[in-house]
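S.K.:
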Amino acid sequence: METPVEVRRTPTTTRWQTWAELLGVLTVAQLKARYRRSLLGFLWSLIVPLFQIVVIGFVLQGLLQHRIPNYTIKFLVALIPWTFFNDSVLTACPTFMKFRDVVKKIYFPRWTLPVSVVGGAFVHFALSMIILFVVFLVVPVAFSPVFLYMIPLTLMLVVMLAGLALSFSLLHTYYQDVEYALTAILRMYFFVTPVMYPLSEIPERYQYWYMFNPMATICEGFRSITLEHRLPLPEHLIFTAVFSVLCLVIGLLLFRRMSPQLPEVL
Numbered sequence: 210m211e212t213p214v215e216v217r218r219t220p221t222t223t224r225w226q227t228w229a230e231l232l233g234v235l236t237v238a239q240l241k242a243r244y245r246r247s248l249l250g251f252l253w254s255l256i257v258p259l260f261q262i263v264v265i266g267f268v269l270q271g272l273l274q275h276r277i278p279n280y281t282i283k284f285l286v287a288l289i290p291w292t293f294f295n296d297s298v299l300t301a302c303p304t305f306m307k308f309r310d311v312v313k314k315i316y317f318p319r320w321t322l323p324v325s326v327v328g329g330a331f332v333h334f335a336l337s338m339i340i341l342f343v344v345f346l347v348v349p350v351a352f353s354p355v356f357l358y359m360i361p362l363t364l365m366l367v368v369m370l371a372g373l374a375l376s377f378s379l380l381h382t383y384y385q386d387v388e389y390a391l392t393a394i395l396r397m398y399f400f401v402t403p404v405m406y407p408l409s410e411i412p413e414r415y416q417y418w419y420m421f422n423p424m425a426t427i428c429e430g431f432r433s434i435t436l437e438h439r440l441p442l443p444e445h446l447i448f449t450a451v452f453s454v455l456c457l458v459i460g461l462l463l464f465r466r467m468s469p470q471l472p473e474v475l
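Going by the numbering used here, the sequence shown wraps up at 475, each residue one higher than the last.
Laid out in structure tokens, this is it:
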């Protein structure tokens, strides 16, 4: 983020186009800043998930193979959206504090800072999905038109994350404890979301209600779409979609109320 950011606005440029361009510039700038002094640079975005998959997947494969066939691939499919969720929320939380000098001195659409973090995490998510499809060719997993339903699931996740990024980054400027509490909560949330285990490991009488956890619908949805070629139940999808929009609305309302005081608070 040290590199000067220039967004040119012509007479024919709309506000939405300017915002989109600024968001893109900030996303690229954050990715460059993240890997600036790294020898391997952007390759780390591929190496880290691969290493995580190999270590966690194959260790647990040995422990759970008899109970859960093809465990590694089931784990990988759910891990990718979870990592997108986890990294976006935790990285976005301290955004305004991290760039407080910029926020104090320059006026710009400040919402683009935390949302650009989600954009950067989305790039890693997209690369991980490419790796996943390569793995599907090796395993092999049959490709199906049903895979296209991952697009609306991903859209729900992006909308949810944009709202959460706005909310937590704003709250963090007032209460530094938010970052630490969020880290602890997400660690617990990981274990109540079917990432390391499939939904089938939950007692059948609880499975229906268990899927009203939005991230359970998304993670298990990725798993059921790719490996079983079926969709989550409509009510679970609707609940997750409504929850995602609600997160965004709350984030925007908080931003509208709290953002004018940001320079003074920081």
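Each residue gets a CB set at the ideal place from its N, CA and C atoms; glycine is no exception.
Note that this is a predicted model, so its numbers are computed, not measured.
Hey, quick one: how far does the alpha helix (DSSP H) through asparagine 295 stretch, first residue to last?
M.R.: 280-301
S.K.: Pop quiz: isoleucine 289 and methionine 338 are said to be a contact at Cβ under 8 angstroms. What is the actual Cβ separation, rounded to whole angstroms?
M.R.: 6 angstroms
S.K.: Check each candidate in Asp386, Arg466, Thr292, Leu285 and name the one with the smallest Cα separation from phenylalanine 342.
M.R.: Considering only alpha carbons, the answer is Leu285.
S.K.: Is there contact here, the region 354-361 with the region 417-426, by at least three beta-carbon pairs under 8 angstroms?
M.R.: no
S.K.: Out of Met467, Val327, Phe352, Phe334, which one is the CA nearest neighbour of leucine 299?
M.R.: Val327
S.K.: For proline 443, which three-state DSSP category applies?
M.R.: Look at proline 443 here: in three-state DSSP terms it is helix.
S.K.: Measuring CA to CA, which of Pro443, Phe448, Val332, Arg432 is closest to alanine 238?
M.R.: Of the candidates Pro443, Phe448, Val332, Arg432, the one whose C-alpha sits nearest the C-alpha of alanine 238 is Val332.
S.K.: Drop a sphere of 10 angstroms on the beta-carbon of lysine 314, count the other beta-carbons inside from all chains shown, and report buried for 16 or more, exposed for fewer.
M.R.: exposed
S.K.: Taking DSSP as the reference, what is the three-state secondary structure of valine 343?
M.R.: In the structure shown, the three-state DSSP call for valine 343 is helix.
S.K.: Is the closest heavy atom of the ligand GDP to the C-beta of leucine 336 under 8 angstroms?
M.R.: Of the ligands one can find in the structure shown there are none, so the ligand GDP has no counterpart to examine.
S.K.: Considering Cα atoms alone, identify which of Phe352, Glu473, Arg465, Leu455 is closest to valine 367.
M.R.: Leu455
S.K.: Helix, strand or coil for methionine 467? Go by DSSP, reduced to three states.
M.R.: helix
S.K.: Is asparagine 295 buried or exposed, if buried means 16 or more other CB atoms sit within 10 Å of its CB?
M.R.: buried
S.K.: Spatial neighbours of alanine 330 within its chain, please: CB distance less than 6 angstroms, with the 5 preceding and 5 following residues excluded, ordered by chain position.
M.R.: Phe293, Asp296, Ser297
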